[in-house]
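So the sequence shown is residues 1 to 296, counted in full-length UniProt numbering.
Glycine included, each C-beta is placed from N, C-alpha and C at the ideal position.
Encoded as structure tokens, the structure appears first; notes follow it.
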Amino acid sequence: MTFTVAGWKWQIRFYPNGHGEAAAAGFVSVYVGLAGDYRPGAKPVIANAMFTLLNRDGKPVPSYAHAMNGIDFSRNDFGTNIKRADLRAHLKDVGFVVRCDLCFDNVKPPPPQQQEEVKVKDNVKVPPSNLHRHLGDLLWKKQGCGDVSIDVQGMTFTAHRWMLAARSSIMAAELDLLSSSSSSDADDKARTTAPTTLTLSVDDDMEPKVFRALLHFIYTDVLPEMTKEEAAATATGLHVAVGRYEMERLKLICEDTLCKNVSVDTVASALMFAEKNGCRVLKAVCLDFLTCDKLE
Numbered sequence: 001m002t003f004t005v006a007g008w009k010w011q012i013r014f015y016p017n018g019h020g021e022a023a024a025a026g027f028v029s030v031y032v033g034l035a036g037d038y039r040p041g042a043k044p045v046i047a048n049a050m051f052t053l054l055n056r057d058g059k060p061v062p063s064y065a066h067a068m069n070g071i072d073f074s075r076n077d078f079g080t081n082i083k084r085a086d087l088r089a090h091l092k093d094v095g096f097v098v099r100c101d102l103c104f105d106n107v108k109p110p111p112p113q114q115q116e117e118v119k120v121k122d123n124v125k126v127p128p129s130n131l132h133r134h135l136g137d138l139l140w141k142k143q144g145c146g147d148v149s150i151d152v153q154g155m156t157f158t159a160h161r162w163m164l165a166a167r168s169s170i171m172a173a174e175l176d177l178l179s180s181s182s183s184s185d186a187d188d189k190a191r192t193t194a195p196t197t198l199t200l201s202v203d204d205d206m207e208p209k210v211f212r213a214l215l216h217f218i219y220t221d222v223l224p225e226m227t228k229e230e231a232a233a234t235a236t237g238l239h240v241a242v243g244r245y246e247m248e249r250l251k252l253i254c255e256d257t258l259c260k261n262v263s264v265d266t267v268a269s270a271l272m273f274a275e276k277n278g279c280r281v282l283k284a285v286c287l288d289f290l291t292c293d294k295l296e
């Protein structure tokens with residue numbers, strides 16, 4: 001749940017199995033904190049906070065009123081824990097209500113030492129990581145010595161063995177097998193005069209644009225920029241392809257892309273794809289779409 005107070009975006013998070021020390025100890029936990037728009041070095045966000053469990057009549061439960069003053073939300077979240085056994089007595093329609101109060105009046109400022117730390121941090125502007133860009137240049141600008149060749153329906157891609165092996169254990173095993181075979185077939189002189197380029201094979205139905213997106217993800221950990229329609233079409237082919245290489249994160253990214261593309265025109269094909277490939281979340285999104293009023 002996200003909301004805005006005092007110009008800041010806040011988020012309330014519910015942990016049905018508890019959080020921190022209360023995890024798996026018969027508690028549920030509720031926390032409030034900034035929703036991610038705080039910039040390090042900005043003015044600290046100081047507030048008083050209070051969580052109160054309400055009973056079935058909407059009145060506070062005194063034993064579960066937890067408050068704290070002067071919380072620096074730019075550094076910490078605030079939470080409370082409720083025993084499940086106690087919670088049952090206050091359930092209403094299989095749910096319960098916890099009130100969250102945030103107060104910004106009469107709040108003590110942070111200690112001078114903390115203010116000084118923030119001021120010093122404000123003088124250092126650390127740029128975001130650009131490792132993905134450099135690795136992308138390594139691939140597409142052919143920087144460095146590519147030692148793996150991949151033919152995809154007549155289009156040849158060149159990549160680096162160390163990167164492919166690091167990103168996929170399946171690719172690593174296939175490349176090791178190719179390397180062993182190549183070494184046994186080549187004589188000593190050939191091996192010492194020129195590096196061996198390994199030829200990695202892919203499925204015959206793999207499209208070049210899909211494999212290009214796969215390589216881009218392997219090197220940069222993100223998919224290339226595409227239109228919504230291109231992303232959905234690529235995600236369909238990628239989801240099938242990455243199953244072979246056991247790249248679970250990319251597989252989930254593909255399913256998420258397909259979920260966001262569900263519409264009147266695509267829901268039927270998306271549901272068939274979900275059934276065929278075991279995409280439980282995509283299937284649920286399609287079924288929810290079919291039963292909602294968007295089709296009316």
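Beta-carbon proximity of residue i to residue j, cut-off 8 Å
i    : j    : result
I218 : R280 : no
L250 : L139 : no
K92  : R56  : yes
V148 : F211 : no
A47  : I71  : yes
S129 : E246 : no
T199 : L135 : no
C286 : V264 : no
E229 : H239 : no
V222 : H132 : yes
K142 : T158 : yes
8 Å contact criterion, which residue i and residue j should meet: CB distance rounded
i    : j    : result
D101 : A49  : 7 Å
A284 : T257 : Going by Cβ atoms, the distance from A284 to T257 rounds to 16 Å, so no, they are not a contact pair.
A165 : L178 : Wrong, their Cβ atoms sit about 11 Å apart, outside the cutoff.
D54  : R88  : First, the residue type needs correcting, since residue 54 is Leu and not Asp in the sequence shown. So it is not a contact: roughly 15 Å between Cβ atoms.
V207 : G237 : According to the sequence provided, residue 207 is Glu. The question's Val does not apply to it. Yes, E207 and G237 are in contact; Cβ-Cβ is about 6 Å, under 8 Å.
D77  : Y31  : 5 Å
L252 : A270 : Going by Cβ atoms, the distance from L252 to A270 rounds to 16 Å, so no, they are not a contact pair.
N261 : A241 : With 8 Å as the limit, N261 and A241 do not qualify as a contact, their Cβ atoms being about 18 Å apart.
With 16 other Cβ atoms within 10 Å as the buried cut-off, status of residue i
i           : result
C145        : exposed
C292        : exposed
G26         : exposed
M155        : exposed
S29         : buried
residue 338 : Missing from the structure shown is residue 338; the chain here goes from 1 to 296 and no further.
T80         : buried
V2          : First, the amino acid is wrong: residue 2 is Thr here, not Val. By the neighbour-count rule (16 or more Cβ atoms within 10 Å), T2 is not buried but exposed.
S74         : buried
G7          : exposed
F104        : exposed
A213        : buried
M272        : exposed
A274        : buried
W10         : buried
G33         : buried
T4          : exposed
First through last residue of the alpha helix (DSSP H) which encompasses residue i
i    : result
T266 : First-last for T266: undefined, no H or E at that position.
V242 : 228–245
F289 : 280–291
K125 : Element bounds for K125: n/a, residue is neither H nor E.
L258 : 248–260
**Study point:** Segments of 3+ residues assigned as beta strand (DSSP E) that fall wholly inside the UniProt domain "BTB" (146–221)
**Key:** For the UniProt domain "BTB" (146–221), whole beta strand (DSSP E) runs of length 3 or above, ordered along the chain, are 148–152, 155–159, 198–200.
Point to revise | Uninterrupted alpha helix (DSSP H) stretches inside the UniProt domain "MATH" (1–102) (no shorter than 4 residues) | key: Secondary structure in the UniProt domain "MATH" (1–102): the alpha helix (DSSP H) runs of 4 residues or longer, each lying completely within the stretch, are 84–87 in chain order.
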